[in-house]
Structures are given as C-alpha cells and as structure tokens.
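Residue numbers (my numbering): 1355 to 1430. Quick reminder that beta carbons are idealized off the backbone N, C-alpha and C, glycines included. Owing to the predicted nature of the structure, the values given are computational and were not obtained by experimental measurement. Report on one structure; see the data block that follows.
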Amino acid sequence: MKLFLQILLIVTSVLLIVAVLLHRGRGGGLSSLFGGGMQSSLAGSSVAEKNLDRITLGLGAVWVIAIIGLGLLLKI
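Right, dumping it as structure tokens:
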C-alpha cells in the first residue's frame, strides 16, 4: 500500500506541475503555445480552459489524499 501511494504521489506531482504550467496566465502562459490563445472575446474562458481547471483540481485532490494517506501510514 505504501509503495502504491508513493508511486501515485510521484505521478500526480508531475501531472500537477504540467497542468499548472498549461494554465493561461496574465501573459498568455504556455497554453497559448498550443493554440489556447485563440479564444472568443464573447466567452469568459474557453471550454479547454474550464476542462483544464477541472483536471487540475482533480489532480490536486488526488495529490492531497496521497499525502494524507502516506502520512498516516508512516505515522504508524
């Protein structure tokens, strides 16, 4: 179980870093390199940006659960 949580933590950490870097910042961010800069001025944010937000939140939740699980296992 401990090995599974450690692997899960490493994988989610790397994916979380990538997801955060893909977000659009004030200057356009890395998402504009992959076509994210072409959004309609009528919509607040594109569908891709909303999906990226959901993916980032999901990865963050899995990351926090893995941290808490490892902490509880190592405490014993």
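- 8 Å CB neighbourhood of Ser1367 in its chain, flanking five on each side removed: Trp1417
- Cβ-Cβ distance between Leu1424 and Leu1359 below 7 Å: Taking a C-beta distance under 7 Å as the contact criterion, Leu1424 and Leu1359 qualify as a contact pair.
- Message: What would DSSP say about Gly1379, mapped onto helix, strand or coil?
- Response: coil
- Status (buried if at least 16 other CB within 10 Å, exposed otherwise) for Leu1396: Only weak support exists for where Leu1396 lies, its pLDDT of 46 falling under 50; the value from the coordinates is given anyway. Burial call: exposed.
- Query: Which class does Ser1367 belong to by DSSP, given the choice of helix, strand or coil?
  - Reply: helix
- Grouping DSSP H, G and I as helix and E and B as strand, with all else coil, what is Ile1430? Ile1430: coil per DSSP, three-state reduction.
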